[in-house]
Amino acid sequence: MMKKIGMLTSGGDCQALNAAMRGVVKTILNASQEVEIYGFINGYRGLIYGDYRMLSHSDFSGILTKGGTILGSSRTPFKTIREPDENGLDKVEAMKHNYYKLNLDCLVILGGNGTHKTANLLREEGLNIVTLPKTIDNDLWGTDMTFGFQSAVDIATSAIDCIHTTAASHGRVFIVEIMGHKVGWLPLNAGMAGGADIILIPEIPYDIEKIVKAIEHRHQRGSQFTILAVAEGAISKKDAGLSKKDYKEKLKNSPYPSVSYEIAAQIQERTGQDVRVTVPGHTQRGGSPCPYDRVFASRLGSEAGKLIMKGEYGFMVGIRNREIVKVPLEEVAGKLKTLDPDASIIKEAKMLGISFGD
Ligand code: F6P
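Just so you know, we're using our numbering here: the sequence shown kicks off at 852 and counts up by one.
As structure tokens, then:
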């Protein structure tokens, strides 16, 4: 029987979105199942406003290695999903209306945390949903890894590698600010892979005096330079003690563009050393997916294709203990997968002499 599938990619993009969608479609076609694919443009926005295009099999050809998303993406905050748009349109009702109008069998939704909250809401509203976990932040609950993460680790690591040679020539302190939103998976892994001396992550608030000590200690032992991998969400012990509101206020009034610049100024003031900040920013989400992500996203896509053919809905396809698994959406939505400060990887990093500024 013909399947009618809607597809969308929502939130910040990442590598291997196309590989994952290709995996879904290839699996269904390979089983000689007839399928019609409706690609919604720019995430939930396309579903809300009925902006879609029919995708043919050839659209999924040659995209395994292609970065970004052939469907485009946008952020549609969950916080305001129940609020009418500027023309009074009920967004949730509009999404349901378009789903039923097109007579879809299901929606395949690729996204991170926010996307999963809305996906779960649509499931609660009665739509058939299968999701795939994308984000360079790796902060999605229910899966050991998200696709995009390993590719971003590669890019962030390359940034640290490049800094290493120049840091050694100049004998300076270098900070590389790494994405990851509110969690430290990406900065920790790239920091370790790039041989950073100090790694600061949101899960372990730092004390600037400890950072200075670690730099001085390196100096005394003859190292002329220090490299810090700083999470964009890194937070000092002092700031971690503030209320959410006061912390927001502090950031709003801060003269620094990001936490790395604040740390740089504090180190410069305390040590007299030259400090430079590098922010690889969105390059971490860009370019072609790494081989791991191509394989991983294809596996996830394939499992999603299988679920669709069996008519099993309401799941995110993820990975646990190296096995591809389906996880009920209600278990995933609204939970953040943070790093445990007592995790063995942190202990091992500390044994290697890496300082976390704590
Ligand atoms: O969630 C992915 C991510 O790249 C985060 O690491 C980062 O905090 C955020 O998105 C940046 O968002 P935007 O692309 O909207 O600037």
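Glycine included, every Cβ here is placed at the ideal spot set by N, Cα and C.
These numbers come from a predicted model, not from an experiment.
Please check the pair R1136 and G863, which I expect to be a contact at CB under 8 Å, by giving their CB distance rounded to whole angstroms. On the sequence shown, residue 1136 is found 285 positions in, with the first residue counted as 1. On the sequence shown, residue 863 is found 12 positions in, with the first residue counted as 1. Rounded, the Cβ-Cβ distance is 6 Å, consistent with contact.
Sorted by chain position, which residues of the same chain lie with C-beta nearer than 6 Å to V1081's C-beta, five sequence neighbours on each side aside? Your numbering for residue 1081 matches position 230 in the sequence shown. Counting only Cβ-Cβ distances below 6 Å, and skipping sequence neighbours, we find I1026, E1028, L1051 and S1111.
Closest by CA to E976, which one among M872, K1186, Q1075 and G1165? Indexing the sequence shown from 1 puts residue 976 at position 125. When only C-alpha atoms are compared, the closest one is G1165.
Assuming the contact rule is C-beta atoms closer than 8 Å, D1193 and I1055 should be a hit. Round their C-beta distance to whole Å, please. Here residue 1193 refers to the residue found at position 342 of the sequence shown. Here residue 1055 refers to the residue found at position 204 of the sequence shown. Rounded, the Cβ-Cβ distance is 10 Å, inconsistent with contact.
Exposed or buried, N964, counting other C-beta atoms within 10 Å across all chains shown (16 or more means buried)? Against the sequence shown, residue 964 aligns to sequence position 113. Buried is the call here.
Close beta carbons around E1182, own chain, < 7 Å, minus the five adjacent residues each side: Residue mapping note: residue 1182 aligns to position 331 of the sequence shown, counting from 1. Result list for E1182: G993, in chain order.
Under 7 Å from any heavy atom of the ligand F6P, does the C-beta of G963 make it? In the sequence shown, the residue the question calls residue 963 occupies position 112. Yes - the ligand F6P has a heavy atom lying nearer than 7 Å to the Cβ of G963.
First through last residue of the beta strand (DSSP E) which encompasses Q887: In the sequence shown, residue 887 corresponds to position 36, counting from 1. One point to set straight first is that residue 887 is Glu, not Gln, in the sequence displayed. Start and end: V886 to F891.
In terms of alpha-carbon separation, which member of S1009, V1168 and Q866 lies closest to P1140? Locating residue 1140 in the sequence shown gives position 289, where the first residue counts as 1. Measuring from the Cα of P1140, the nearest candidate turns out to be Q866.
Hey, would you say L1037 sits closer than 8 Å to V1004, going by beta carbons? Numbered from its first residue, the sequence shown carries residue 1037 at position 186. Numbered from its first residue, the sequence shown carries residue 1004 at position 153. Their beta carbons are under 8 Å apart, which means L1037 touches V1004 by this criterion.
Quick check: the Cα distance between S861 and N1172, rounded to an integer number of angstroms? Position 10 of the sequence shown, counted from the start, is the residue given in the question as residue 861. Position 321 of the sequence shown, counted from the start, is the residue given in the question as residue 1172. About 27 Å.
Determine the burial state of K1198: buried for a count of at least 16 other Cβ atoms within 10 Å of its Cβ, exposed for fewer. In the sequence shown, residue 1198 corresponds to position 347, counting from 1. Label assigned to K1198: exposed.
In the DSSP assignment, what residue or residues form a beta bridge with L1079? The sequence position of residue 1079 within the sequence shown is 228, counting from 1. Its beta-bridge partners are I1026 and I1049.
In three-state terms, what does DSSP make of L953? As a first step, residue 953 is located in the sequence shown; it is residue number 102 there, counting from the start. Here L953 sits in coil by DSSP.
For A1019 versus F1076, is the C-beta distance shorter than 8 Å? Numbered from its first residue, the sequence shown carries residue 1019 at position 168. Numbered from its first residue, the sequence shown carries residue 1076 at position 225. Yes, they are a contact pair.
Determine, using beta carbons only, whether G890 and M858 come nearer to each other than 8 Å. The residue you call residue 890 lines up with position 39 of the sequence shown. The residue you call residue 858 lines up with position 7 of the sequence shown. Yes, these two residues count as a Cβ contact at 8 Å.
Could you tell me if I1196 is buried or exposed, where buried requires 16 or more neighbouring beta carbons within 10 angstroms of its beta carbon? Numbered from its first residue, the sequence shown carries residue 1196 at position 345. Classification of I1196: exposed, given that the 10 Å Cβ count is below 16.
Span of the beta strand (DSSP E) holding P1123? Locating residue 1123 in the sequence shown gives position 272, counting from the first residue. Note on identity: in this sequence residue 1123 is Gly, with Pro being the wrong assignment. No beta strand (DSSP E) contains G1123, which DSSP labels as neither H nor E.
Distance between beta carbons of A1148 and A870, contact taken as under 8 Å: Numbered from 1 along the sequence shown, position 19 holds the residue referred to as residue 870. Numbered from 1 along the sequence shown, position 297 holds the residue referred to as residue 1148. Their Cβ separation, rounded to whole angstroms, is 4 Å, which keeps A870 and A1148 in contact under 8 Å.
Based on Cα-Cα distance, which residue from T969, Q1071 and G919 lies nearest to R933? Start at 1 with the first residue of the sequence shown, and residue 933 comes out as number 82. The option with the nearest alpha carbon to R933 is T969.
Checking the sheet assignment: what are the DSSP bridge partners for M1167? Position 316 of the sequence shown holds residue 1167. DSSP output for M1167 lists T982 and V1178 as bridge partner(s).
If you count every other CB in all the chains shown that lies within 10 Å of the CB of A1091, and 16 or more means buried, which is it? Indexing the sequence shown from 1 puts residue 1091 at position 240. Its Cβ having fewer than 16 others within 10 Å, A1091 is exposed.
Does the Cβ of A882 have 16 or more other Cβ atoms within 10 Å, making it buried, or fewer, making it exposed? Residue mapping note: residue 882 aligns to position 31 of the sequence shown, counting from 1. Counting Cβ neighbours within 10 Å, A882 comes out exposed, since fewer than 16 surround it.
Tell me whether the beta-carbon of I892 lies closer than 8 Å to the beta-carbon of G923. As a first step, residue 892 must be located in the sequence shown, where it is residue number 41. As a first step, residue 923 must be located in the sequence shown, where it is residue number 72. Contact: yes.
Compute the minimum distance between the beta carbon of R896 and the heavy atoms of the ligand F6P, and state whether it is under 7 Å. The residue labelled residue 896 in the question sits at position 45 within the sequence shown. Outside the cutoff, so no.
Which same chain residues end up closer than 6 Å to G1042 when comparing Cβ atoms and leaving out the 5 residues on each side of it in sequence? Along the sequence shown, read from residue 1 onward, the residue named residue 1042 stands at position 191. Counting only Cβ-Cβ distances below 6 Å, and skipping sequence neighbours, we find I1050 and A1080.
Regarding D988 and the ligand F6P, is the C-beta to nearest heavy atom distance less than 7 Å? Along the sequence shown, read from residue 1 onward, the residue named residue 988 stands at position 137. Yes, the ligand F6P has a heavy atom inside 7 Å of this Cβ.
Shortest alpha-carbon distance to Q884 belongs to which of L1203, L1158 and S1206? Taking the sequence shown and counting its residues from 1, the one referred to as residue 884 is at position 33. Q884 has its Cα closest to that of L1158, out of L1203, L1158 and S1206.
Distance, G1162 Cα to L958 Cα: If you number the sequence shown from 1, residue 958 lands on position 107. If you number the sequence shown from 1, residue 1162 lands on position 311. About 12 Å.
Just verifying my parser: in three-state terms, what is the DSSP assignment at T1129? The sequence position of residue 1129 within the sequence shown is 278, counting from 1. DSSP places T1129 in strand when its eight states are reduced to three.
For a test of the three-state rule: what should DSSP assign to I856, helix, strand or coil? Looking up residue 856 in the sequence shown gives position 5. Of the three classes helix, strand and coil, the one that applies to I856 here is strand, per DSSP.
Could you tell me the boundaries of the alpha helix (DSSP H) in which L1158 lies? Within the sequence shown, the letter at position 307 stands for residue 1158. Counting along the chain, the alpha helix (DSSP H) containing L1158 begins and ends at P1142 to K1161.
M1202 versus R1072: straight-line alpha-carbon distance, rounded: Along the sequence shown, read from residue 1 onward, the residue named residue 1202 stands at position 351. Along the sequence shown, read from residue 1 onward, the residue named residue 1072 stands at position 221. Distance between the alpha carbons of M1202 and R1072 is about 17 Å.
Residue interval of the beta strand (DSSP E) (run including Y903): Indexing the sequence shown from 1 puts residue 903 at position 52. Taken as a continuous stretch (DSSP letters only), the beta strand (DSSP E) holding Y903 covers Y903 to L906.
Below 7 Å, is the gap between the Cβ of G1137 and the nearest heavy atom of the ligand F6P? Counted from its first residue, the sequence shown places residue 1137 at position 286. False, no ligand heavy atom lies under 7 Å from that Cβ.
Local conformation of G962 per DSSP, three classes: Looking up residue 962 in the sequence shown gives position 111. Strand.
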